[in-house]
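A.B. asks: Numbering (the UniProt record's numbering), first residue to last: 1 to 396.
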Amino acid sequence: MIVRTPSGCVLAWGSHAAGRGLQWGCFISVLLEFKLKKMWKSPNGTIRNILGGTVFREPIICKNIPRLVPGWTKPITIGRHAHGDQYKATDFVVDRAGTFKIVFTPKDGSSAKQWEVYNFPAGGVGMGMYNTDESISGFAHSCFQYAIQKKWPLYMSTKNTILKAYDGRFKDIFQEIFEKHYKTDFDKYKIWYEHRLIDDMVAQVLKSSGGFVWACKNYDGDVQSDILAQGFGSLGLMTSVLVCPDGKTIEAEAAHGTVTRHYREHQKGRPTSTNPIASIFAWTRGLEHRGKLDGNQDLIRFAQTLEKVCVETVESGAMTKDLAGCIHGLSKWVAWGPGQGWPSRTSGLDGKKSRAPVRGLLLSPPGYPGQDRSMALRDGLGHLPCHWAQQVGPWP
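(1) Could you please give the first and the last residue of the uninterrupted alpha helix (DSSP H) stretch that includes H81?
(2) Whole angstroms are fine: how far does the CA of T73 sit from the CA of G249?
(3) Would T77 and E58 qualify as a contact pair, given that the criterion is a beta-carbon distance under 7 Å?
(4) Buried or exposed: M39, going by 16 or more other Cβ atoms within 10 Å of its Cβ?
(5) Would you call the stretch 112 to 126 in contact with the stretch 261 to 281, where contact means no fewer than 3 C-beta pairs closer than 8 Å?
(6) Since T239 sits in a beta bridge, which residues does DSSP pair it with?
(7) Roughly how many angstroms separate the alpha carbons of A89 and Y130, rounded to a whole number?
(8) Tell me, please, which residues DSSP counts as bridged to residue 398.
(9) Taking the alpha-carbon positions, what's the S137 to C244 distance?
(10) Out of Q297, E134, K41, Y189, which has the shortest C-alpha to C-alpha gap to F170?
(11) Check whether the stretch 209 to 226 and the stretch 78 to 98 are in contact - that is, three or more C-beta pairs closer than 8 Å.
(12) If you measure between the beta carbons of N296 and G236, is that distance less than 7 Å?
(13) For the candidate residues I280, K321, E251, whose alpha-carbon lies nearest to that of N49?
(14) Can you check which of these residues, E288, A278, E253, is closest to T54 by C-alpha distance?
(15) Restricting to Cα atoms, I'd like to know which of S273, F186, A303 is closest to K150.
(16) Please determine if the stretch 296 to 315 and the stretch 95 to 104 are in contact, where contact requires at least 3 C-beta pairs separated by less than 8 Å.
(17) Taking the beta carbon of S42 as the centre, do at least 16 other beta carbons fall within 10 Å, making it buried, or is it exposed?
(18) Give the secondary structure of S208 by DSSP, where H, G and I count as helix, E and B as strand, and everything else as coil.
(19) With DSSP as the reference, identify every bridge partner of L154, one or two as the case may be.
(20) Assess contact between the stretch 182 to 201 and the stretch 149 to 165, defined as three or more Cβ pairs (one per stretch) separated by less than 8 Å. Is contact present?
(21) For I65 versus G325, is the C-beta spacing smaller than 7 Å?
(22) Spatial neighbours of L228 within its chain, please: C-beta separation below 7 Å, excluding the five flanking residues on both sides.
(23) Can you give the beta carbon distance from F56 to V205, rounded, assuming they're within the 8 Å contact cut?
(24) I'd like to confirm the pairing. Which residues does DSSP put opposite residue 412 in its beta bridges?
(25) Considering just the uninterrupted stretch of the alpha helix (DSSP H) at E288, what are its terminal residues?
(26) Do you know offhand how far F212's Cα is from M201's?
(27) Give me the Cα-Cα distance between Q224 and L68, rounded to the nearest whole angstrom.
(28) Tell me which residue opens and which closes the alpha helix (DSSP H) that K41 is part of.
(29) Where do the N-terminal and C-terminal ends of the alpha helix (DSSP H) with T166 fall, by residue?
(30) Express the C-alpha separation of S29 and K35 in angstroms, rounding to a whole number.
(31) From K207 to P70, what does the alpha carbon distance come to, in whole angstroms?
(32) Leaving aside the five residues before and after I148 along the sequence, list all residues of the same chain whose C-beta is less than 6 Å from its C-beta, in chain order.
(33) Which of the three DSSP states, helix, strand or coil, is assigned to G53?
(34) Helix, strand or coil for N119 per DSSP?
(35) Please report the straight-line C-alpha distance between G269 and G168, rounded to a whole angstrom.
(36) Looking only at its own chain, which residues have a Cβ that is under 8 Å from the Cβ of A112, when we skip the five neighbours before and after it?
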């Protein structure tokens, strides 16, 4: 059966969907719930592809949060290439036997090049992806500059033994840029650059004590940054900032992405304990950068102080379920509820509220002439428990 919704979305199920391999069936509920006309690609991935640049992810260290990898005594920063690869790929389902080919047609009118990828004997899947020399070069420059800023060694990982042309291009561009632009500075600070295979690098990271920058391709960075975050305590304790090649444009986000599972529990009326720290740090990093661009020292100080308050709150013992589980073991907390060891979504920031005056923190961030400061907090931190933000002013 095929149905066209008022929003223009075409849905299929029953025998028709079965005949199509159920390729639409799993998306029906999402399309209906959010009134979408089609399943759009990741908005974060789309924004990153437009902006380019590199996503740097670094753990938020809290002294009382034990690490799954005890040897990680120093932070590890992942530089994730935020362009192309799987996140801008064209993928498709093959429903019959046939030949999959890739064709490149030069703009200069020269002969097209063609590669035969696979002869399908029956159904399957296919994908084509790309990257550019310009984007890879920008990625390399930002990683080398970040390593110099941190005065940490830089490692770059690929699988160039398998993807000899694709990943080999990453390796070659990094090496050329390092030799031409950064080797002198690296020698000056007694740090180094090294390329490693991704599987070897993962093993070395687990054995290391930290204190380095790890440059990863787009997908590798997506996966490994989550592993690092959990290794340092929690996905909720990871900063994520996209730095563009122009040095002026950044995009700050929560590294853990959406919290769909918690949201579904909330919709059912069940209590949740969602760690807001990464979301808070996304706003503070954005506000701090805005302050730097405008020379607004009060705004910079506000952002930095709010970050310190978050860390001090956790270190004082007030934390959400994920962090409590890191300390005491998650199984101990599963049967417990809010008020019995970990705060719920609506009580989670009492600790931050009580510690704010200690730091002299004004909950209303320093604004600009003519700006309603209470609205600025609502717009910036509106996803936080309302009773905390209500100190600023009335809530519409």
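Backbone N, C-alpha and C define an ideal beta-carbon position, used for all residues, glycine too.
C.D. replies: Based on what the coordinates show:
(1) Here residue 81 corresponds to residue number 81 of the sequence shown, with the count starting at 1. That residue, H81, is in no alpha helix (DSSP H); its beta strand (DSSP E) goes 76 to 81.
(2) For the purposes of this step, residue 249 is taken as the residue at position 249 of the sequence shown. For the purposes of this step, residue 73 is taken as the residue at position 73 of the sequence shown. The question names Gly, yet the displayed sequence has Thr at residue 249. For T249 and T73, the gap between their C-alpha atoms comes out near 31 Å.
(3) For the purposes of this step, residue 77 is taken as residue 77 along the sequence shown, with counting starting at 1. For the purposes of this step, residue 58 is taken as residue 58 along the sequence shown, with counting starting at 1. Yes. Within cutoff.
(4) The residue labelled residue 39 in the question sits at position 39 within the sequence shown. Flag for M39 reads exposed.
(5) Too few Cβ pairs lie closer than 8 Å, so no.
(6) In the sequence shown, counting from the first residue as 1, residue 239 sits at position 239. Beta bridge pairing from DSSP links T239 with E58, A254.
(7) Taking the sequence shown and counting its residues from 1, the one referred to as residue 89 is at position 89. Taking the sequence shown and counting its residues from 1, the one referred to as residue 130 is at position 130. Each residue's Cα considered, the two are about 7 Å apart.
(8) With the chain covering 1 to 396 only, the question about residue 398 has no answer from this structure.
(9) Locating residue 137 in the sequence shown gives position 137, where the first residue counts as 1. Locating residue 244 in the sequence shown gives position 244, where the first residue counts as 1. Their backbone Cα atoms lie some 12 Å apart in a straight line.
(10) Locating residue 170 in the sequence shown gives position 170, counting from the first residue. Comparing C-alpha distances from F170 to each of Q297, E134, K41, Y189 shows the shortest one belongs to E134.
(11) Because the criterion of three Cβ pairs below 8 Å is met, the stretch 209 to 226 and the stretch 78 to 98 touch.
(12) What you label residue 296 is simply residue 296 of the sequence shown in a count that begins at 1. What you label residue 236 is simply residue 236 of the sequence shown in a count that begins at 1. 7 Å or more divides the Cβ of N296 from the Cβ of G236.
(13) For the purposes of this step, residue 49 is taken as residue 49 along the sequence shown, with counting starting at 1. Nearest C-alpha to N49: E251.
(14) Within the sequence shown, the letter at position 54 stands for residue 54. Comparing Cα-Cα distances from T54 to each of E288, A278, E253, the minimum goes to E253.
(15) In the sequence shown, counting from the first residue as 1, residue 150 sits at position 150. Minimum Cα-Cα distance from K150 among the listed residues S273, F186, A303 corresponds to F186.
(16) Contact between the stretch 296 to 315 and the stretch 95 to 104 is absent: fewer than three C-beta pairs spanning the two stretches fall below 8 Å.
(17) Reading the sequence shown from its first residue, position 42 is the one you call residue 42. If you draw a 10 Å sphere on the C-beta of S42, you find fewer than 16 other C-beta atoms in it, and that means exposed.
(18) In the sequence shown, residue 208 corresponds to position 208, counting from 1. DSSP places S208 in coil when its eight states are reduced to three.
(19) Reading the sequence shown from its first residue, position 154 is the one you call residue 154. DSSP lists Y193, V213 as partners of L154.
(20) Touching, yes, given that three or more Cβ pairs across the two stretches are closer than 8 Å.
(21) Counted from its first residue, the sequence shown places residue 65 at position 65. Counted from its first residue, the sequence shown places residue 325 at position 325. It is not a contact, given that the beta carbons lie outside the stated cut-off.
(22) As a working mapping, residue 228 is identified with position 228 in the sequence shown. Contacts found: P59, I76, I78.
(23) Within the sequence shown, numbered from 1, the residue matching residue 56 stands at position 56. Within the sequence shown, numbered from 1, the residue matching residue 205 stands at position 205. With 8 Å as the limit, F56 and V205 do not qualify as a contact, their Cβ atoms being about 16 Å apart.
(24) Summary: the structure shown does not reach residue 412, with the chain confined to residues 1 through 396, and so no result is reported for it.
(25) Within the sequence shown, numbered from 1, the residue matching residue 288 stands at position 288. DSSP places E288 in the uninterrupted alpha helix (DSSP H) bounded by 277 to 294.
(26) Against the sequence shown, residue 212 aligns to sequence position 212. Against the sequence shown, residue 201 aligns to sequence position 201. Whole-angstrom Cα-Cα distance: 12 Å.
(27) Against the sequence shown, residue 224 aligns to sequence position 224. Against the sequence shown, residue 68 aligns to sequence position 68. Computed Cα separation, rounded: 15 Å.
(28) On the sequence shown, residue 41 is found 41 positions in, with the first residue counted as 1. Neither: K41 is in no alpha helix (DSSP H) and is coded neither H nor E.
(29) Within the sequence shown, the letter at position 166 stands for residue 166. Reading off the sequence shown, one finds Tyr at residue 166, where the question assumed Thr. According to the DSSP assignment, Y166 belongs to the alpha helix (DSSP H) that extends over 166 to 177.
(30) On the sequence shown, residue 35 is found 35 positions in, with the first residue counted as 1. On the sequence shown, residue 29 is found 29 positions in, with the first residue counted as 1. Each residue's alpha carbon lies about 10 Å from the other.
(31) In the sequence shown, the residue the question calls residue 207 occupies position 207. In the sequence shown, the residue the question calls residue 70 occupies position 70. Taking C-alpha positions only, K207 is separated from P70 by approximately 10 Å.
(32) Counting from 1 along the sequence shown, the entry for residue 148 is found at position 148. Closer than 6 Å at the Cβ level, and outside the excluded window around I148, lie D185.
(33) Sequence index remark: in the sequence shown, residue 53 carries index 53 (1-based). Coil at G53, not helix or strand.
(34) If you number the sequence shown from 1, residue 119 lands on position 119. The answer is strand: DSSP assigns N119 an E or B state.
(35) Translated into positions along the sequence shown, residue 269 becomes position 269. Translated into positions along the sequence shown, residue 168 becomes position 168. If you draw a straight line from the Cα of G269 to the Cα of G168, it comes to about 51 Å.
(36) Position 112 of the sequence shown, counted from the first residue, corresponds to residue 112. Excluding sequence neighbours, A112 sits near V103, F104, T105, P106.
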